[in-house]
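Enquirer: Have a look at this one before I ask anything.
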Amino acid sequence: MSARRRNLLAGLVAVVALGAGCRQDMHDQPRLKAQARSEFWRDDRAGRPLVEGTIPRGHLREDEFLYTGRQYGQFVNAFPFVIDQKRMERGRDRYNIYCAPCHGATGAGNGMVVQRGYRAAGNFHQDRLRNERLGYFYDVIANGFGAMPDYAAQIGVEDRWAIVAYIRALQLSQHARLEDVPAARRAEAEKALSGAAPAAAGAAH
Amino acid sequence: MAQIFPKSANALAQASIIVAGALAATAGGALYWLQRSPYVTRQHETREQPVPFSHQHHVGGIGVDCRYCHTAVEKSAKAGIPPTKTCMNCHAQIWNDSPTLEPVRQSFRDGKSIAWTKVNDLPDFAYFNHSAHVNKGMGCSTCHGRIDLQPLAWQEHSLQMEWCLECHRNPEKFVRPQDQVFNVAWQAPANQIEVGKELVKKYGLKPRTSCSTCHR
Chain R
1 MSARRRNLLA GLVAVVALGA GCRQDMHDQP RLKAQARSEF WRDDRAGRPL VEGTIPRGHL
61 REDEFLYTGR QYGQFVNAFP FVIDQKRMER GRDRYNIYCA PCHGATGAGN GMVVQRGYRA
121 AGNFHQDRLR NERLGYFYDV IANGFGAMPD YAAQIGVEDR WAIVAYIRAL QLSQHARLED
181 VPAARRAEAE KALSGAAPAA AGAAH
Chain A
1001 MAQIFPKSAN ALAQASIIVA GALAATAGGA LYWLQRSPYV TRQHETREQP VPFSHQHHVG
1061 GIGVDCRYCH TAVEKSAKAG IPPTKTCMNC HAQIWNDSPT LEPVRQSFRD GKSIAWTKVN
1121 DLPDFAYFNH SAHVNKGMGC STCHGRIDLQ PLAWQEHSLQ MEWCLECHRN PEKFVRPQDQ
1181 VFNVAWQAPA NQIEVGKELV KKYGLKPRTS CSTCHR
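Residue numbers (our numbering), protein chains in the order written: chain R, 1 to 205; chain A, 1001 to 1216.
So, in structure tokens, the structure goes:
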């Protein structure tokens, strides 16, 4: 084997060996990834928090109504946007994800977590809450209430309002009368009420 | 001049070619198999976790929705692991003296993150995006299995490129109605392919297989 050949071969072996080494590097690149650990900062987090007081351009929360549920310091009794079918369905989904574990699917306050020993969650069908202003419910979601934690980090502003709309619908549903059903569908409702149980679940939607 | 090789060397040479071929094929097969084996992919293997968090208790037992904890899954690439505050929503009051939960309380007190061990871990040169999948009729359990039956989370599939491509080429085999995405107990109907083809059309699914889709 000539010296040149030998060098070439040694070089090839080295390249292959290096290549094998690189593989792991490409699998685990030295960039910072979401939620990963980084020794560089004292709190060991790769994700950096915003400097306190930072407001991204266009995100100043000027709209008191939308962001606090209040106007001139008083709770509002209206929505900051139109509640249509889509929003209502969004509210139902979000309610079932974030509230139902404690408040139950109908809002009676007896969800699974309460059954496992959590403090009884508020019953939405008591008169005080049925007559409560909408802004109050928004405020409870954003800031918590008594033993209930706040949901500011988990639920966005618009979704909070959608949930409020759904809670109001739940409250109405538990006190609905037959006359409230549109005339065109009353026969359907009567039939459901007369026997079949699933109607109760359907009425909440 | 005496002969160096006896006559039988011819046969030996021929046999050795076949044996070498067979050996190479076996080695190839073994590598093919090893590469896909749970030993390499670490499928169904649980990891040591700082707190033995159980999806079986929380999802199967008390029926908490994935999104209560993995809040980002519908809107971003990452599903995200919940912050300690999310655990404390409930555990400030229930099981609040359980020694198993001490690391959670500790983390809440001193503001240091709980260091969960990553389970599903793609190499950094592959790009994955949850929101692109879960808003298009791809259910959690298709990729993560019955997490409600896992006391500790494990990786359900190989997560190898061929696994991704199997679905990107045939989404109709896996697609489900959008309102079933978070239902871990969903079962494919007997006529999945038929229903699937309808859903693929309805949701306009065109999963790409070009390299730059996942290697960007």
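Don't be surprised by glycine CBs; every beta carbon is placed ideally from N, CA and C.
Predicted, not measured: the structure shown is a model, and the values here were computed from it.
Beta-carbon separation of R/R92 and R/I155 under 8 Å?
Expert: No, they are not a contact pair.
Enquirer: From the DSSP output, in three-state form, read off R/Q154 for me.
Expert: Three-state DSSP puts R/Q154 in coil, outside helix and strand.
Enquirer: Work out the CA separation of R/A183 and A/K1112 for me, nearest whole Å.
Expert: So the two alpha carbons sit approximately 59 Å from each other.
Enquirer: Is the CB-CB distance between A/R1169 and A/T1209 below 8 Å?
Expert: Going by C-beta atoms, A/R1169 is nearer than 8 Å to A/T1209.
Enquirer: Taking the Cβ atom as the reference point for each residue, do A/W1116 and A/P1050 lie within a distance shorter than 8 Å?
Expert: Their beta carbons are under 8 Å apart, which means A/W1116 touches A/P1050 by this criterion.
Enquirer: Report all residues from its chain with a CB closer than 8 Å to the CB of A/C1211; omit the five preceding and five following residues, and keep chain order.
Expert: Hits under 8 Å: none found.
Enquirer: Could you check how far apart the C-beta atoms of A/K1206 and A/I1193 are, in whole angstroms? I think they sit under 8 Å.
Expert: Between A/I1193 and A/K1206 the Cβ distance is about 18 Å, and since that is not below 8 Å, they are no contact.
Enquirer: Can you check DSSP and say which residues form a bridge with R/F145?
Expert: According to DSSP, which records beta bridges pairwise, R/F145 is partnered with R/M148.
Enquirer: Any beta carbon of chain A sitting closer than 8 Å to that of R/R37?
Expert: Closer than 8 Å to some Cβ of chain A, the Cβ of R/R37 qualifies, so yes.
Enquirer: For chain R, is any of its Cβ atoms less than 8 Å away from the one on A/I1081?
Expert: Cβ-Cβ to chain R under 8 Å: yes for A/I1081.
Enquirer: How would you call A/A1011, buried or exposed, if buried means at least 16 neighbouring beta carbons within 10 angstroms?
Expert: A/A1011 should be labelled exposed.
Enquirer: Listing by chain order, which chain R residues have their CB less than 7 Å from the CB of A/N1089?
Expert: Within chain R, the residues near A/N1089 are P149.
Enquirer: Could you check which residue in R/D139, R/V113, R/P56 has the C-alpha nearest to that of A/H1091?
Expert: For the residues R/D139, R/V113, R/P56, the minimum Cα distance to A/H1091 belongs to R/V113.
Enquirer: According to the neighbour-count rule (16 or more other Cβ atoms, all chains shown, within 10 Å of its Cβ), is R/A120 buried or exposed?
Expert: Counting Cβ neighbours within 10 Å, R/A120 comes out exposed, since fewer than 16 surround it.
Enquirer: Quick check on A/F1174: does DSSP put it in helix, strand or coil?
Expert: The answer is coil: DSSP assigns A/F1174 none of H, G, I, E or B.
Enquirer: Excluding the five sequence neighbours on either side, which residues of its own chain have a C-beta within less than 6 Å of the C-beta of R/V164, listed in chain order?
Expert: The residues are L134, F137, Y138.
Enquirer: Indicate the three-state DSSP secondary structure (helix, strand or coil) for R/F40 in the structure shown.
Expert: The answer is coil: DSSP assigns R/F40 none of H, G, I, E or B.
Enquirer: Can you name the residues that DSSP bridges to A/F1128?
Expert: DSSP, once it has assigned bridges, lists no residue as partnering A/F1128.
Enquirer: Enumerate in chain order the residues of its own chain whose CB-to-CB distance from R/H125 is below 7 Å, with the five nearest sequence positions on each side excluded.
Expert: If we look at R/H125 and ignore the five residues flanking it on each side, its Cβ neighbours are G107, A108, Q171, Q174.
Enquirer: Report the CB separation of A/P1052 from A/H1070 in whole angstroms; it is logged as a contact under 8 Å.
Expert: That belief does not hold up - the Cβ atoms of A/P1052 and A/H1070 are roughly 18 Å apart, past 8 Å.
Enquirer: What does a CB cutoff of less than 7 Å around R/Y67 pick up in its chain, not counting 5 residues either side in sequence?
Expert: R61, V157, listed in sequence order.
Enquirer: I want to verify the contact list: residues of chain A whose CB lies under 9 Å from the CB of R/V140, in sequence order.
Expert: Within 9 Å Cβ-Cβ: nothing; R/V140 doesn't reach chain A, min ~14 Å.
Enquirer: List, in chain order, every chain A residue whose beta-carbon is nearer than 7 Å to that of R/R116.
Expert: By Cβ distance, chain A contributes I1062, I1094.
Enquirer: Against chain A, with Cβ distances strictly below 8 Å, would R/M112 count as a contact?
Expert: Closer than 8 Å: yes.
Enquirer: What residue range is occupied by the uninterrupted alpha helix (DSSP H) comprising R/F65?
Expert: Counting along the chain, the alpha helix (DSSP H) containing R/F65 begins and ends at 64 to 68.
Enquirer: Report yes or no: is there a C-beta of chain B within less than 8 Å of the C-beta of A/S1107?
Expert: The structure shown contains no chain B; its protein chains are R and A.
Enquirer: Can you tell me whether R/R119 is helix, strand or coil according to DSSP?
Expert: Here R/R119 sits in coil by DSSP.
Enquirer: How about A/W1154 and A/T1046: do their beta carbons lie closer than 8 Å?
Expert: Cβ distance < 8 Å, so A/W1154 and A/T1046 count as in contact.
Enquirer: Report the residues of the region 1123 to 1135 of chain A with a CB closer than 7 Å to any CB of chain R, ordered along the chain.
Expert: Listed by position, the residues of the region 1123 to 1135 of chain A near chain R (Cβ gap below 7 Å) are P1123, D1124, F1125.
Enquirer: Just checking my contact of R/G104 with R/N110 at CB under 8 Å: how many whole Å lie between their CB atoms?
Expert: Between R/N110 and R/G104 the Cβ distance is about 5 Å, and since that is below 8 Å, they are a contact.
Enquirer: Do we get a CB-CB distance below 8 Å when we pair R/A204 with the residues of chain A?
Expert: In this prediction, R/A204 has a pLDDT of 41, which is less than 50 and means its spatial position is unreliable; what the coordinates show is noted afterwards. False, the Cβ-Cβ gap to chain A never drops below 8 Å.
Enquirer: Counting only beta-carbon atoms, is A/S1141 nearer than 8 Å to chain R?
Expert: Judged by the 8 Å Cβ criterion, A/S1141 is not in contact with chain R.
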